[in-house]
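Residue numbers (our numbering), protein chains in the order written: chain B, 14 to 325; chain L, 6 to 436.
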């Protein structure tokens, strides 16, 4: 088992075997959440700060529960109640929190590169919980965990990712991860939200959802932010829905055993019809469940274990 | 006090001189240039193994005074210039308040006389308050000492106003300098749009935001039969537009910065805010096109776009940092090391682009040349000396330079302004 990183900043810097290590480790933690007593002492005495500068329910709660189930102490930093609204710089805010001697800081920020920036002046382990349009590594890892549960293998799997690729950190982390594990990735979206340069990440691009769904094993729908329409990335929600919404009819083009994924939160009736989101093909809630095991694995690999101590 | 510079390799592109010569300076002027000068009572500088060039001129610097003295002042900017080998700098008008009237232009000139060790030439804004609505009193500003007009930091958005400015500037024998950027296209962008902006998840500034305005302005200059100078050229497309415009005899000149010739967008992997600059660091193809343009003479001058910002302003999220690179103290060494030492351009071409041509473009009559009667503004270079960039030694008030730690060969060894040695510094003055 090899995972020799101090931080988890993105998928791009991980090797395929490190990704597999995280997934295998998550496998062993998965069962803990199904026990009656959902707690192990693995990270007892460790302190983790959940530092979220952007609204989040899923990711923040998922990290919190993951930490608690490993017996770590976790503190939530709420942006609204923080000093950043009083004009304190990001660096000062983080240095103040670091002065409280945490072992790890889980950070989400609307600006790309903030987790990396944080490592330049922080001693703690830094875990990226989503930075701007850059990366969201734990989301991609939990997506991979979910895909592996359903499909066993990544090699030659056809994964269609649909939506606002340009602004999506989930898309980027998933592209990097799926390519490293040998899956075939097709990106679909309105051209202003899907620059052709993305081809250089080793993926295919299509602007026609029907065509891109042919023979898909995995369909990953991304949330479309309604404010994008105001900037003319597409003309109207109506038009977006007509061209890029996942409906039952469209789903017929995918493989029979295809699964539907979504990182949430969902705009029902916009990027995905309600019946598709709730269908048996949807693994959306599985993704949320798996998120805890994957984040336990990440916390454990960065903070725990004898090998870890040797590395530190 | 007479100054005799002996045995230097004197290179003066304006006259084609490149020979071992002595230079005699008296009362701020060059009074003799020949192989052996014998004179009494002169302070002698031994320039053997050194290159003596006409004083370097930076057409594009931000001195921040008045209004942002925490970043830079006229005195500290001038000291940085002297250390960097520049004897004259033109300062952009985006101060606070904007240099859009006689009072401010005169203030800058009088402050410079009192406190600056190099010549300072103010550039006034094209429109009042840089608001893009009404032209400034350009004739009055020229009379007060403004050497050119620019909205630097932005373009004149309204094409009609730009056209009027070009037309109006003609009989004034002044120059319009344009920062080319369509703000609707650059929007919230913080780096060059392309593979790396998608990889790093940063908002992109497309090449088209520069190129559309470069094209528009060359067309407007053609119609007005006026001069236009394009600031900090950064894209391949912009180079092509200027190449074509020059073929058509449109009176366009342009400048390029050291950072746009040396760094690419891939460096932003570090999210180092000292690399955040506008126009942004472009792709490898753009950099190659800029170097080619320098070789061909499509680009006329080197300029720094010296843009100081305090450490606190830069020590933030990439999206929130201000644009700008502090360039006066590294420009000459970077260009010597990366262009001259690598035989991309000759030393003579380098001097032409950093002294001779800027003086012609700005109409600085007695500068940019070494001949009897010219101002005794000289830059003396030591081509063999190596140094490591250390921002803590900067004379500039700010430190935002991405070349920290770079090893470079070739330095400005001495800077002489109006016959006075202003660098190396002899006293610690007020900067």
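Just so you know, even glycine gets a beta-carbon here, dropped at the ideal spot from N, CA and C.
Just to confirm the assignment, what range does the alpha helix (DSSP H) spanning residue i have?
{"i": "residue 289 of chain L", "result": "289-301"}
{"i": "residue 86 of chain L", "result": "79-88"}
{"i": "residue 428 of chain L", "result": "That residue, residue 428 of chain L, is in no alpha helix (DSSP H); its beta strand (DSSP E) goes 425-428."}
{"i": "residue 242 of chain L", "result": "241-252"}
{"i": "residue 398 of chain L", "result": "Note, residue 398 of chain L: premise wrong, no alpha helix (DSSP H); not H, not E."}
{"i": "residue 187 of chain B", "result": "182-193"}
{"i": "residue 76 of chain B", "result": "71-82"}
{"i": "residue 153 of chain B", "result": "150-164"}
{"i": "residue 35 of chain B", "result": "29-43"}
{"i": "residue 315 of chain B", "result": "297-316"}
{"i": "residue 264 of chain B", "result": "261-264"}
{"i": "residue 265 of chain L", "result": "263-267"}
Taking the straight line between their C-alpha atoms, what separation do you get for residue i and residue j?
{"i": "residue 179 of chain L", "j": "residue 16 of chain L", "result": "28 Å"}
{"i": "residue 19 of chain L", "j": "residue 376 of chain L", "result": "9 Å"}
{"i": "residue 267 of chain L", "j": "residue 290 of chain L", "result": "12 Å"}
{"i": "residue 187 of chain L", "j": "residue 220 of chain L", "result": "12 Å"}
{"i": "residue 363 of chain L", "j": "residue 145 of chain B", "result": "42 Å"}
{"i": "residue 63 of chain B", "j": "residue 308 of chain B", "result": "13 Å"}
{"i": "residue 286 of chain L", "j": "residue 288 of chain B", "result": "48 Å"}
{"i": "residue 261 of chain B", "j": "residue 171 of chain B", "result": "19 Å"}
{"i": "residue 233 of chain B", "j": "residue 217 of chain B", "result": "15 Å"}
{"i": "residue 108 of chain B", "j": "residue 99 of chain B", "result": "16 Å"}
{"i": "residue 150 of chain L", "j": "residue 116 of chain L", "result": "13 Å"}
{"i": "residue 291 of chain B", "j": "residue 273 of chain B", "result": "10 Å"}
{"i": "residue 302 of chain B", "j": "residue 272 of chain L", "result": "39 Å"}
{"i": "residue 156 of chain B", "j": "residue 216 of chain L", "result": "42 Å"}
In the DSSP output, which residue or residues are listed as bridge partners for residue i?
{"i": "residue 254 of chain B", "result": "Answer is none; residue 254 of chain B lacks a bridge partner."}
{"i": "residue 141 of chain B", "result": "B:120"}
{"i": "residue 93 of chain L", "result": "L:62 and L:124"}
{"i": "residue 380 of chain L", "result": "L:34"}
Please confirm whether residue i has its beta-carbon closer than 9 Å to some beta-carbon of chain L.
{"i": "residue 211 of chain B", "result": "yes"}
{"i": "residue 136 of chain B", "result": "no"}
{"i": "residue 148 of chain B", "result": "yes"}
{"i": "residue 241 of chain B", "result": "no"}
{"i": "residue 102 of chain B", "result": "yes"}
{"i": "residue 277 of chain B", "result": "no"}
{"i": "residue 152 of chain B", "result": "no"}
{"i": "residue 130 of chain B", "result": "yes"}
{"i": "residue 172 of chain B", "result": "no"}
{"i": "residue 27 of chain B", "result": "no"}
{"i": "residue 126 of chain B", "result": "yes"}
{"i": "residue 179 of chain B", "result": "yes"}
{"i": "residue 208 of chain B", "result": "yes"}
{"i": "residue 236 of chain B", "result": "no"}
{"i": "residue 90 of chain B", "result": "no"}
{"i": "residue 214 of chain B", "result": "yes"}
{"i": "residue 182 of chain B", "result": "yes"}
{"i": "residue 192 of chain B", "result": "no"}
{"i": "residue 122 of chain B", "result": "yes"}
{"i": "residue 185 of chain B", "result": "yes"}
Spatial neighbours of residue i within its chain, please: C-beta separation below 8 Å, excluding the five flanking residues on both sides.
{"i": "residue 102 of chain L", "result": "71, 72, 109 and 134"}
{"i": "residue 161 of chain L", "result": "131, 132, 137, 167, 170 and 183"}
{"i": "residue 218 of chain L", "result": "160, 183, 185, 186 and 187"}
{"i": "residue 248 of chain B", "result": "242"}
{"i": "residue 206 of chain B", "result": "176, 177, 178, 179, 180, 241, 246 and 247"}
{"i": "residue 322 of chain B", "result": "In this prediction, residue 322 of chain B has a pLDDT of 49, which is less than 50 and means its spatial position is unreliable; nothing more can be read from the coordinates."}
What residue range does the beta strand (DSSP E) around residue i cover?
{"i": "residue 201 of chain B", "result": "197-201"}
{"i": "residue 64 of chain L", "result": "61-66"}
{"i": "residue 13 of chain L", "result": "7-17"}
{"i": "residue 60 of chain B", "result": "60-65"}
Just to confirm my understanding: we take residue i, look at its own chain, exclude 5 residues before and 5 after, and list those with CB closer than 7 Å. What are they?
{"i": "residue 104 of chain B", "result": "134"}
{"i": "residue 213 of chain L", "result": "190"}
Once you ignore the five residues that flank residue i on each side, which residues in its own chain have a CB closer than 6 Å to its CB?
{"i": "residue 147 of chain B", "result": "125 and 182"}
{"i": "residue 318 of chain L", "result": "327"}
{"i": "residue 197 of chain B", "result": "171"}
Using a Cβ-Cβ distance cut-off of 9 Å, determine whether residue i contacts chain B.
{"i": "residue 291 of chain L", "result": "no"}
{"i": "residue 216 of chain L", "result": "no"}
{"i": "residue 204 of chain L", "result": "yes"}
{"i": "residue 275 of chain L", "result": "yes"}
{"i": "residue 328 of chain L", "result": "no"}
Does the ligand NAD have a heavy atom nearer than 8 Å to the CB of residue i?
{"i": "residue 224 of chain L", "result": "No copy of the ligand NAD occurs in the structure displayed, which carries no ligand at all."}
Kindly indicate if chain A contains any beta-carbon less than 9 Å away from that of residue i.
{"i": "residue 145 of chain B", "result": "Here the protein chains are B and L, and chain A is not one of them."}
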